[in-house]
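Converting from the sequence shown to our numbering requires adding 141 to each position, the first position being numbered 1.
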Amino acid sequence: MRLEHSFAGSVGRAIEPAIAPLGFDWRIGIGLVTSLAAREVMVSTMATVFHLSDADEDNSSLRQQMRDAVDPRTGKRAYTPLIGISLMVFYVLACQCMSTVAVVRRETNSWRWPILMLVMMNSLAWLASFVVFQAGRALGLGS
142 MRLEHSFAGS VGRAIEPAIA PLGFDWRIGI GLVTSLAARE VMVSTMATVF
192 HLSDADEDNS SLRQQMRDAV DPRTGKRAYT PLIGISLMVF YVLACQCMST
242 VAVVRRETNS WRWPILMLVM MNSLAWLASF VVFQAGRALG LGS
């Protein structure tokens, strides 16, 4: 899998230890990084990730490819409804839009508020996503 060893794949792998407790793998990590431009980019990034990694396989939809994806370490499904819920909780709370950060910077004429906003919102998003995913796993909803 060439994508795994690309620059984007390396970034995804680098942040994987921080996002693994949320149920996310390196491919979702790539999407999280690219979605800093805008949240909507996550879907197109995942489509690109799956198209590149399975280019010679088949042309099924992104939804089907994600349903069929298997974690090579565990042999289990790579993406479950619980991971989807964890990801949605993360995106609801995270500050993922750099244009918003730029506007806050311009309006406050300081880096203090944009940095505080990024740290606080993304920390809250991580924590909430962590609680949802870990509680779901503890309840046996992770399969």
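Glycine included, each C-beta is placed from N, C-alpha and C at the ideal position.
Span of the alpha helix (DSSP H), counted from its first residue to its last, around residue i
| i | result |
| --- | --- |
| residue 263 | 253-279 |
| residue 206 | 203-209 |
| residue 232 | 222-234 |
Three-state secondary structure assigned by DSSP to residue i
| i | result |
| --- | --- |
| residue 154 | helix |
| residue 218 | strand |
| residue 283 | coil |
| residue 240 | helix |
| residue 179 | coil |
| residue 162 | helix |
| residue 168 | helix |
| residue 185 | helix |
| residue 247 | helix |
Exposure of residue i, with buried meaning 16 or more beta-carbon neighbours within 10 Å
| i | result |
| --- | --- |
| residue 297 | Because residue 297 is not part of the residues shown, which for the chain are 142 to 284, the question remains open. |
| residue 206 | buried |
| residue 231 | buried |
| residue 255 | buried |
Any C-beta of chain B under 9 angstroms from that of residue i
| i | result |
| --- | --- |
| residue 271 | Among the chains of the structure shown, chain B does not appear; only one protein chain is present. |
Cβ distance (whole Å) where residue i is taken to contact residue j below 8 angstroms
| i | j | result |
| --- | --- | --- |
| residue 171 | residue 150 | 7 angstroms |
Check your understanding: Using 8 angstroms as the Cβ pair cut-off and three pairs as the minimum, do the region 232-244 and the region 272-284 touch?
Key -> Output reads no: the region 272-284 does not touch the region 232-244.
Review point. Would the region 159-178 and the region 233-242 be scored as touching if the rule is three or more Cβ pairs under 8 angstroms?
Key: Yes, since at least three Cβ pairs between the region 159-178 and the region 233-242 fall closer than 8 angstroms, the two stretches touch.
Point to revise | Cβ pair count under 8 angstroms reaching 3, the region 156-168 against the region 257-272 | key: As far as the Cβ criterion goes, the region 156-168 touches the region 257-272, which means the pair count is three or higher.
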